[in-house]
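The block underneath contains the structure these notes are about, expressed in structure tokens.
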Amino acid sequence: MSFQAYLDTIEDKTGLTPREFIALAHERGFDDPSVKATPIIEWLKQDYDLGRGHAMALVHVIKKGAKIDAKHVGTSGSHRDESGTLWLDGKHDRPA
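Just so we're aligned: 31 in full-length UniProt numbering is position 31 of the sequence shown, and the numbers increase by one with no gaps anywhere.
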């Protein structure tokens, strides 16, 4: 599953866009560089019932933003994405 597909599935399950999760994480201080992935994963599991894979996709955008490594773009791997930039503002608003 691509990073973008993970984010779209999270939006379907929770009704929240990745950008809204970034704002919620910021309110909790999870975007601080000293915060590790574990407390973020625990928050996402407890409050939104997200599994580790989906939570790790959100950890990426919370900690690193919308850019993903070029090795995941246009490849045939399981995390292949069409673009090196993830869309964070909701799948229904994504440009065609």
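For glycine and all other residues, C-beta sits at the position ideal for the given N, C-alpha and C.
Since the model is a prediction, treat every value here as computed from it, not as a measurement.
### Task
Leaving out five residues on either side along the sequence, give the residues of the same chain with a beta carbon under 8 Å from the beta carbon of Leu-86.
In the sequence shown, residue 86 corresponds to position 86, counting from 1. Once the five neighbours on either side are set aside, the close Cβ partners of Leu-86 are Phe-3, Gln-4, Leu-7, Pro-18, Val-61, Ala-66, Lys-67 and Ile-68.
### Task
Identify whether Thr-38 lies in helix, strand or coil by the three-state DSSP scheme.
Numbered from its first residue, the sequence shown carries residue 38 at position 38. Reduced to three states, the DSSP call for Thr-38 is helix.
### C-alpha distance - Lys-91 paired with Ser-34, whole-angstrom precision
Walking along the sequence shown from the start, residue 91 turns up at place 91. Walking along the sequence shown from the start, residue 34 turns up at place 34. Rounded to whole angstroms, Lys-91 to Ser-34 spans 30 Å at the Cα level.
### Query
What's the gap between the Cα of Leu-88 and the Cα of Pro-95?
Walking along the sequence shown from the start, residue 88 turns up at place 88. Walking along the sequence shown from the start, residue 95 turns up at place 95. Their backbone Cα atoms lie some 12 Å apart in a straight line.
### Task
Over the uninterrupted alpha helix (DSSP H) stretch that includes Ala-96, give me the two end residues.
As a first step, residue 96 must be located in the sequence shown, where it is residue number 96. Taken as a continuous stretch (DSSP letters only), Ala-96 belongs to no alpha helix (DSSP H), as it is neither H nor E.
### Message
With a threshold of 8 Å on Cβ separation, who are the neighbours of Glu-11 within its own chain once the five nearest residues in sequence on each side are excluded?
### Response
Translated into positions along the sequence shown, residue 11 becomes position 11. Taking C-beta separations shorter than 8 Å and ignoring five residues to either side along the sequence, the partners of Glu-11 in its chain run Thr-17, Pro-18, Gly-90 and Lys-91, following chain order.
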